[in-house]
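These notes are about the structure you will find just below.
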Amino acid sequence: MNEETKALRRRCEDLAGRCEKSGCVTSTPFLTPAEQYELRALPLPDGVRLRFFGGGEESERRCALFLPWYMDEEEARTESGVRCVCLQSYYGSPGHRDYLGAALGLGIRREWLGDILVEEDRAWVYCLQSVVQTLCELDRVGRVSVRGREVPLSQVPAPERKVKELRFTVKSLRLDAVCGEMFSLSRTAAAAQIRLGLVSLNYAVCDKVDAPVKEGDVISLRGKGKGSITEVGGRSRKDRLFLTAELRI
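Just so you know, the working numbering puts 225 at position 213 of the sequence shown, and the rest follows in order with no gaps.
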């Protein structure tokens with residue numbers, strides 16, 4: 013565990029303790045998927061629950077919410093401070109990187125921003141309540157004029173995510189074997205990609221070809237996409253394991 017992860021855990025342990033003492037929801041800024049994964053095994057005080065919320069059901073960057081025992085999730089989401097600003101562009105169609113760069117140029121830190129959903133001439137930017145006004149005052153993204161306004165989370169369109177289901181068999185649950193089958197590579201080629209540091213296991217770069225893989229794990233290959241193991245089944249007559257995975261395309 014690196015120092016950044018240790019610091020994150022200490023900060024969240026403090027937030028959980030504050031939630032227990034005050035009986036109020038506490039929350040972090042937006043976390044990366046890797047940071048969220050690190051918190052799933054965080055020990056919590058009695059009566060405190062951990063949930064993640066980023067504004068939408070499919071959000072990748074999400075805040076960690078610490079809920080007192082009596083509070084339901086909908087109420088906690090309201091109190092989390094997660095909001096959304098819609099930026100309408102005129103005479104141009106900026107991309108995700110353009111919107112992110114413009115927001116950071118205003119002095120907004122990356123962890124204060126969640127996912128940015130871009131669709132033709134507009135973008136929906138999930139953010140903390142503290143930076144809503146600043147984002148609404150943004151008038152240019154690159155050379156393109158924009159106008160911002162806060163919108164209810166319920167009005168943000170769900171992003172289109174295409175998922176392909178894969179079924180395959182492997183001799184063993186090694187990273188090189190599973191990665192190869194998931195991304196249509198030979199085991200040798202998959203091992204080479206792993207050694208080059210191009211493969212992540214549960215959002216952290218993994219350079220061990222024999223790293224164990226289990227049900228629920230997320231594997232990504234730079235330039236190829238990301239997939240998750242949804243089921244580990246029984247064995248075939250040739251003593252190979254049946255696996256089911258979902259691959260984002």
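Cβ coordinates follow ideal geometry from the N, Cα and C atoms, glycine included.
Treat the numbers as computed from the prediction; the structure is a model and nothing was measured.
Residue i, buried or exposed, once every other Cβ within 10 Å from all chains shown has been counted against 16
{"i": "Y82", "result": "exposed"}
{"i": "A88", "result": "buried"}
{"i": "I261", "result": "exposed"}
{"i": "V163", "result": "exposed"}
{"i": "R249", "result": "exposed"}
Contacts around residue i, its chain only, beta-carbon distance under 7 Å, and the 5 residues preceding and following it disregarded
{"i": "E193", "result": "F180, V182"}
{"i": "A216", "result": "A46"}
{"i": "L118", "result": "T146, L150"}
{"i": "L233", "result": "C191, F195, Q205, L210, V211"}
Other residues of its chain near residue i: CB distance less than 6 Å, five sequence neighbours each side excluded
{"i": "D222", "result": "R186"}
{"i": "F42", "result": "R73, C75, E123, G126"}
{"i": "V156", "result": "S101, G104, P106"}
{"i": "Y49", "result": "N214, Y215"}
The beta strand (DSSP E) enclosing residue i, as first and last residue numbers
{"i": "Q100", "result": "94-102"}
{"i": "S157", "result": "156-162"}
{"i": "S39", "result": "38-43"}
{"i": "C75", "result": "74-80"}
Where the alpha helix (DSSP H) through residue i begins and ends
{"i": "I206", "result": "199-207"}
{"i": "P106", "result": "Premise fails: P106 is in no alpha helix (DSSP H) and is neither H nor E."}
Same chain only: Cβ atoms within 8 Å of residue i, ignoring 5 sequence neighbours per side
{"i": "L27", "result": "T38, S39, T40, A76, F78"}
Residue i - DSSP class collapsed to helix/strand/coil
{"i": "E243", "result": "strand"}
{"i": "L27", "result": "helix"}
{"i": "Y49", "result": "helix"}
{"i": "L125", "result": "strand"}
{"i": "R22", "result": "helix"}
{"i": "A216", "result": "strand"}
{"i": "L255", "result": "strand"}
{"i": "L233", "result": "strand"}
{"i": "R249", "result": "coil"}
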